[in-house]
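In the order they appear, the protein sequences are chains A and B.
Take the first sequence: its position 73, counted from the start at 1, is 85 in my numbering, and no numbers get skipped.
Take the second sequence: its position 47, counted from the start at 1, is 57 in my numbering, and no numbers get skipped.
Report on one structure; see the data block that follows.
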Amino acid sequence: MGTVIVVAAIAVVGLTILGMISGAKESQSSLSGWLVNRRNMGAWLVWFLLGTEIYTAFTFQGLAGYAYAKGGPVFYNVALNDVAYSLGFMILPLIWILGKKFRYVTQADFVAGRYQSRALGMFVALTTAIIMIAYIDLNITGLGAIFHVISKSRLSVMWSDIIGFVVLATAVYVGGIRGNAWQSVIKDVFMIAALGALFIVFPYREFHGFGPMFLAFGHDLGPIMTLPGKTAHSGLLWLVTTVLMTGMGQWMWPQWFGVAYTARNPRSLKIQAVFMPLYQLVKVAVIIVGFGALLVLGTHQNGNDVVVILARRLFATPFFAFFVIAAIFAALVPAGPIIMTSASLIAKNVWAEYRPQSDERIYRVTKLLVFPLTFLALFLALATPSLLVAILLVAYDFIAQLFPAVVIGGLFWRGATKYGAFWGMMTGWVLDAFLLLSGHGTLWGINAGFIALVLNTLVFAIISAATQASIKPGEANHFSTLYEMHEDPVHSV
Amino acid sequence: MRTAMRNWLIGVGLVTGLYLLGPVIYFNRVYPFILGMPAILFWYALVPVLTPIILGVVYLLDPVQHFKGDD
Numbered sequence: 013m014g015t016v017i018v019v020a021a022i023a024v025v026g027l028t029i030l031g032m033i034s035g036a037k038e039s040q041s042s043l044s045g046w047l048v049n050r051r052n053m054g055a056w057l058v059w060f061l062l063g064t065e066i067y068t069a070f071t072f073q074g075l076a077g078y079a080y081a082k083g084g085p086v087f088y089n090v091a092l093n094d095v096a097y098s099l100g101f102m103i104l105p106l107i108w109i110l111g112k113k114f115r116y117v118t119q120a121d122f123v124a125g126r127y128q129s130r131a132l133g134m135f136v137a138l139t140t141a142i143i144m145i146a147y148i149d150l151n152i153t154g155l156g157a158i159f160h161v162i163s164k165s166r167l168s169v170m171w172s173d174i175i176g177f178v179v180l181a182t183a184v185y186v187g188g189i190r191g192n193a194w195q196s197v198i199k200d201v202f203m204i205a206a207l208g209a210l211f212i213v214f215p216y217r218e219f220h221g222f223g224p225m226f227l228a229f230g231h232d233l234g235p236i237m238t239l240p241g242k243t244a245h246s247g248l249l250w251l252v253t254t255v256l257m258t259g260m261g262q263w264m265w266p267q268w269f270g271v272a273y274t275a276r277n278p279r280s281l282k283i284q285a286v287f288m289p290l291y292q293l294v295k296v297a298v299i300i301v302g303f304g305a306l307l308v309l310g311t312h313q314n315g316n317d318v319v320v321i322l323a324r325r326l327f328a329t330p331f332f333a334f335f336v337i338a339a340i341f342a343a344l345v346p347a348g349p350i351i352m353t354s355a356s357l358i359a360k361n362v363w364a365e366y367r368p369q370s371d372e373r374i375y376r377v378t379k380l381l382v383f384p385l386t387f388l389a390l391f392l393a394l395a396t397p398s399l400l401v402a403i404l405l406v407a408y409d410f411i412a413q414l415f416p417a418v419v420i421g422g423l424f425w426r427g428a429t430k431y432g433a434f435w436g437m438m439t440g441w442v443l444d445a446f447l448l449l450s451g452h453g454t455l456w457g458i459n460a461g462f463i464a465l466v467l468n469t470l471v472f473a474i475i476s477a478a479t480q481a482s483i484k485p486g487e488a489n490h491f492s493t494l495y496e497m498h499e500d501p502v503h504s505v
Numbered sequence: 011m012r013t014a015m016r017n018w019l020i021g022v023g024l025v026t027g028l029y030l031l032g033p034v035i036y037f038n039r040v041y042p043f044i045l046g047m048p049a050i051l052f053w054y055a056l057v058p059v060l061t062p063i064i065l066g067v068v069y070l071l072d073p074v075q076h077f078k079g080d081d
C-alpha cells in the first residue's frame, strides 16, 4: 500500500502544479473578466467541461455505494440528469441570450436583473453559496473514503476526512481557483478508463461473465434491485417526485447555471444537451458494479468505500494506484470550480455589491474564502457522516427551490414579482429544514423537497399576483428580449 | 419560437415519461430478463440511449435555428 500512497501523492502534487502553471496569469486579470471571457466555447468543449463538473466523486464512489446500501432507488439518479438535460435544452439557450444581452456572469446577476432588485440578487448569491458547501462536503467525504480504504482502515473516517480537507483546500488554493481545461481532460480520461476497467474486469473475475452475473443478480438480489429495494419509503411515488424535483434542481446549481454563459452560441448548448445523456451510461455501469458488490463483499461495508475496496481486490498494485489517482481527481478537479463559484458569489455578488470594490480586491477575497468555505464543509462532513447520496439529496432539496423564481419567473412569466420570488424560496427552504430536521426526508411516500417545491410555487404565484403593482418597467426587459425580437428591431444586437 | 417551444415540451415529456412511467407501469421488476438483463436494469440502460435520440430529433425539427445572438 505504501507504493499506492506515494504514487497518489505525486499525482496530486502534479495536478496542483498543472493548475499553478495556468493560474500564473490569474493575478493580472480580474475574476469577473475571467468569468465573462469564457463566453466563447464550442459545443464539444462545453460538453467536456460540463461532464467534468457534473460527474464527480458522487459518480465515482457514491453511486455504487447507493446501489450497495439501498438497492433499486439508485435508479432515480440515472433519470435525474437526463430529465435535467431535456429541460436544459431550451432553458440554457434562453439564459445565454439574456446573459449576453445584459452582461450577466452569475446566477445572482440574472436574478437581480430580472427582478430589478439588487437585494434579491445578494440574497440569492448568499443562500446558494451556502447550499454549495454541501457539494464541497460531498467531495471531502469522497476523498476521505479513498484514504480510509487505502490505509486499510488504520485511518479513522474522521482523520481520513480531515486529510481530504487539507488536500482539497491546499490543491485549490495553491493550484489556482480557475480549474483548467487540461485538468478536466485528464480527470475525464482517467475516470472513464478506471471505471470502464472495473466494469469489464469485475464480472469476469467474480462471476465468469456478464450473463452469469445477471443471473446471480436475479437469483440472489431479486427485489433489492427494484424500488423500494432496501429502503422503507423510497417507492415509485418517491421515484417520480424525486426525479421531478432534482431534474428541475440541476441547473439551479450556480456552477452549472454559469455554464450557460461559457458557450459561444445557443446552438452549442442545444447540441451538448443532445449528447450529455450518453455520460449516463457510465452511471449505469457503476450501478451494476454496486449491485455486484453486495454479492461479493457482503453487506457490512460502508457504501462510500465499496468501489475502492473492489478495485483493491481486483487489480494489481500498479493499476490500483492508477485507479486511486482517478478517484482522487474525480473529487479534486470538480471541487475547484465549485469552491471558486461559492467564494466568488460571496465576494462579488454580496460583498462588492454591498460596497463597491476593485476587481483586484474581489479576486483576493475570493481566494481567501477558499479555506473558510472548505472548512465549513469539513465541519459538515464530520458532524453528519453520511452516504454521499444522502448529502446530494439534501442539497438538491434546497437548491431546487430556486426553480420557480429563476426559470418560471425568469424566462416564462412576466407577472412574477420579487416579493413572490423571495417568499416562495423562503417557504421552500423553511419547509425543507422543518421536514428534514424532523426526520421526514420522505413524507407519505413523497420526497420532502418536492412537497416544499410545490408549496414554494404556490406561494410564489399567489404573492406575485398580489403584488403586481410593484412591477417596475425594467422587469419586462427579459421577455421582450426573448419573445419580441422579430417585432422589435431596436432590440436586435 | 412557438413551434420550438412545443417540440421541446414534447421532448421533455417523452424523456421524463419513459424514465418514470416505465417503472410505474411495468419495469419495476426483476423478471423477465430482457437481452440477458433483469427488467429494471434493462430499462435504465435503454432510456439513456433513447434520450439523445429524442433530443436529437427535437434539435433537428427546431425551426428557430437563428435565435438572435446565434451566430
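Don't be surprised by glycine CBs; every beta carbon is placed ideally from N, CA and C.
What residues of chain A sit near residue i, judged by a beta carbon separation below 7 Å?
{"i": "Y54 (chain B)", "result": "F87, V90, V296"}
{"i": "Y36 (chain B)", "result": "Near Y36 (chain B) there are no residues of chain A at all, since even the closest Cβ is about 11 Å away, more than 7 Å."}
{"i": "T13 (chain B)", "result": "Going along chain A, no residue has its Cβ under 7 Å from T13 (chain B), so there is no contact; the nearest lies around 12 Å."}
Find out if the Cβ-Cβ distance for the pair residue i, residue j is shorter than 8 Å.
{"i": "P33 (chain B)", "j": "L248 (chain A)", "result": "yes"}
{"i": "F303 (chain A)", "j": "L233 (chain A)", "result": "yes"}
{"i": "V179 (chain A)", "j": "V320 (chain A)", "result": "no"}
{"i": "G270 (chain A)", "j": "T140 (chain A)", "result": "no"}
{"i": "A389 (chain A)", "j": "D200 (chain A)", "result": "no"}
{"i": "T254 (chain A)", "j": "F87 (chain A)", "result": "no"}
{"i": "G436 (chain A)", "j": "A417 (chain A)", "result": "yes"}
{"i": "V136 (chain A)", "j": "Q284 (chain A)", "result": "no"}
{"i": "D173 (chain A)", "j": "I152 (chain A)", "result": "yes"}
{"i": "V382 (chain A)", "j": "A355 (chain A)", "result": "yes"}
{"i": "L281 (chain A)", "j": "W441 (chain A)", "result": "no"}
{"i": "M237 (chain A)", "j": "G83 (chain A)", "result": "yes"}
{"i": "A488 (chain A)", "j": "A146 (chain A)", "result": "no"}
{"i": "S482 (chain A)", "j": "G427 (chain A)", "result": "no"}
{"i": "L293 (chain A)", "j": "A305 (chain A)", "result": "no"}
{"i": "L385 (chain A)", "j": "V213 (chain A)", "result": "no"}
For residue i, count the other beta carbons within 10 Å of its own beta carbon; 16 or more makes it buried, fewer makes it exposed. Which is it?
{"i": "G223 (chain A)", "result": "exposed"}
{"i": "F159 (chain A)", "result": "buried"}
{"i": "G27 (chain B)", "result": "exposed"}
{"i": "R506 (chain A)", "result": "Residue coverage of chain A in this structure runs from 13 to 505, which leaves residue 506 (chain A) outside it and unanswerable."}
{"i": "G77 (chain A)", "result": "buried"}
{"i": "G259 (chain A)", "result": "buried"}
{"i": "R367 (chain A)", "result": "exposed"}
{"i": "A395 (chain A)", "result": "exposed"}
{"i": "F446 (chain A)", "result": "exposed"}
{"i": "V502 (chain A)", "result": "Residue confidence is low: V502 (chain A) scores 40 on pLDDT, short of 50, so the model does not pin down where it sits. Its coordinate-derived value is still stated next. So V502 (chain A) ends up on the exposed side."}
{"i": "P289 (chain A)", "result": "buried"}
{"i": "R279 (chain A)", "result": "buried"}
Check for me: the alpha helix (DSSP H) holding residue i runs from which residue to which?
{"i": "D94 (chain A)", "result": "88-114"}
{"i": "V57 (chain B)", "result": "49-71"}
{"i": "M260 (chain A)", "result": "248-261"}
{"i": "V301 (chain A)", "result": "292-309"}
{"i": "M15 (chain B)", "result": "12-32"}
{"i": "H490 (chain A)", "result": "489-495"}
{"i": "K242 (chain A)", "result": "Note, K242 (chain A): premise wrong, no alpha helix (DSSP H); not H, not E."}
{"i": "T386 (chain A)", "result": "382-395"}
{"i": "F424 (chain A)", "result": "Note, F424 (chain A): premise wrong, no alpha helix (DSSP H); not H, not E."}
{"i": "R324 (chain A)", "result": "318-326"}
{"i": "D444 (chain A)", "result": "430-449"}
{"i": "P235 (chain A)", "result": "Run containing P235 (chain A): none; DSSP gives neither H nor E here."}
{"i": "M134 (chain A)", "result": "130-162"}
{"i": "V117 (chain A)", "result": "From DSSP, V117 (chain A) is part of no alpha helix (DSSP H); its letter is neither H nor E."}
At a CB-CB cut-off below 8 Å, which residues of chain B make contact with residue i?
{"i": "Q292 (chain A)", "result": "P58, T61"}
{"i": "P416 (chain A)", "result": "Ordered by position in chain B, no residue passes the 8 Å Cβ test against P416 (chain A), which lies about 17 Å from the chain."}
{"i": "Y495 (chain A)", "result": "M11"}
In chain B, which residues lie with their C-beta within 7 Å of the C-beta of residue i?
{"i": "A275 (chain A)", "result": "In chain order: nothing, as chain B lies at least about 11 Å away."}
{"i": "K282 (chain A)", "result": "Y69"}
{"i": "A285 (chain A)", "result": "L65"}
{"i": "P215 (chain A)", "result": "Going along chain B, no residue has its Cβ under 7 Å from P215 (chain A), so there is no contact; the nearest lies around 12 Å."}
So with CB distances below 8 Å, who are the chain A contacts of residue i?
{"i": "Y41 (chain B)", "result": "G230"}
{"i": "G21 (chain B)", "result": "S98, F101"}
{"i": "G5 (chain B)", "result": "Absent from the structure is residue 5 (chain B), since the part of chain B shown begins at 11 and ends at 81."}
Which chain B residues are close to residue i, counting only those with a beta carbon under 9 Å from its beta carbon?
{"i": "V235 (chain A)", "result": "In the sequence under discussion, the amino acid at residue 235 (chain A) is Pro, which differs from the Val named in the question. Here the neighbours are R39, V40."}
Tell me the DSSP bridge mates of residue i?
{"i": "N459 (chain A)", "result": "A:T454"}
{"i": "I92 (chain B)", "result": "A query on residue 92 (chain B) cannot be resolved here, the shown segment of chain B reaching from 11 to 81 and no further."}
{"i": "A338 (chain A)", "result": "A338 (chain A) is not bridged to any residue."}
At 9 Å on the CB atoms, spell out the chain A contacts of residue i, in chain order.
{"i": "I50 (chain B)", "result": "G84, F87, M237, T238, L239"}
Is it the case that the CB of residue i approaches a heavy atom of the ligand ADP more closely than 7 Å?
{"i": "T15 (chain A)", "result": "As for the ligand ADP, it is missing from this structure, which has no ligand bound."}
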